[in-house]
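Asks: Numbering (our numbering), first residue to last: 790 to 1021. The beta-carbon is built from N, C-alpha and C at its ideal position, and this holds for glycine as well. In this text, all values refer to a predicted model and were calculated from it rather than measured experimentally. Take this structure first; my questions come after.
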C-alpha cells in the first residue's frame, strides 16, 4: 500500500451533525419530510449528484433546488460564523503516522475546493496532502469512481496500491467501483430526530440502506485505522 485517500466531511471533520442540523432547520422552513437516512443517502456526493438525488427522493416536480440553495446558504453562514468544524478523533495522529512512514496522502471530497481549503485552514490541518481532488473538479461525483481514480492518476499509483478512508455509502461504492480497498469509519447520527412535512419521501430508505457495496475493513475511529496500518 502506497497511497491513503481521505474523504473529508464526516470522516476528517464532525460535519455530519452540522449538516443534519442544517437539513432539519431548512426542511421545516420548506415543509419537507426528513430523517437521518436521507443524510446517509446524500452524504459524499458532489453538488450535481446531491441535487439529482434530492429530486429522485422527493419527486422532480417538488422545489428541491430551492431547498438545496437555502441549505447551502444556511450551512455557509453557520460555518463562517462559528469557524469550527471539529477534527475527528485520531485525525492528526493518523496523518502524522502516514507522513512519518512515507505514505502518499490524498484528499478526495465531494465538497468544493473553496470549502475544502476553508475547513483545512480553520482546523489548522498540517499541509500533508500530496494531492487534493475537489467535487467541483470532476464531472461525475461519488458513487461514481472518478474522484478516487483521479487521485491515483495524479500520483501515478495503481488503484490496488491505494486505500480509501470513508464514512459514506456513496464513497464506499465509489471505492469499490474504482477497484480500491476501503475502510469505513461510520458517522453515526441515527439518534437525531426526524421531521414531518408536506413534501414526502418517494423512496423508503432503511437505516444506512442496503449495502450492495461493502467496505474491505470497518473501524470505529481514525485511531483504530492508525493501529491497523501499523500492523500491515
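So, at 7 Å on beta carbons, what are the nonlocal neighbours of residue 917 in its own chain, with the 5 sequence-adjacent residues on each side left out?
Replies: 884, 888, 894
Asks: Taking contact to mean at least 3 C-beta pairs separated by less than 8 Å, is the region 960 to 967 in contact with the region 982 to 996?
Replies: In short, these stretches do not touch, since the Cβ pair count stays below three.
Asks: Okay, do the region 940 to 947 and the region 899 to 916 touch, 3+ Cβ pairs below 8 Å being the bar?
Replies: no
Asks: In the structure shown, what three-state DSSP assignment does residue 819 receive?
Replies: helix
Asks: Return the CA-CA distance between residue 799 and residue 957, expressed in angstroms with no decimal places.
Replies: The straight-line gap from Cα to Cα measures roughly 8 Å.
Asks: Let me make sure I understand the geometry here. Which of 812, 1018, 942, 983 has the alpha-carbon closest to that of residue 862?
Replies: 812
Asks: Can you tell me which of 801, 907, 837 puts its alpha carbon nearest to the alpha carbon of residue 748?
Replies: For the chain, the structure presents residues 790 to 1021; residue 748 sits outside this window and is missing.
Asks: Would you kindly work out how many angstroms separate the C-alpha atoms of residue 793 and residue 987, rounded to a whole number?
Replies: 43 Å
Asks: How about residue 973 and residue 1004: do their beta carbons lie closer than 8 Å?
Replies: yes
Asks: Determine, using beta carbons only, whether residue 846 comes closer than 8 Å to chain D.
Replies: The structure shown contains no chain D; it holds only a single protein chain.
Asks: Taking DSSP's pairing of strands, which residues face residue 876 in a bridge?
Replies: In the DSSP secondary-structure assignment, residue 876 is bridged to 802.
Asks: Could you pull out every residue in the same chain whose Cβ sits closer than 8 Å to the Cβ of residue 807, ignoring the five residues on either side in sequence?
Replies: 864, 867, 868, 874
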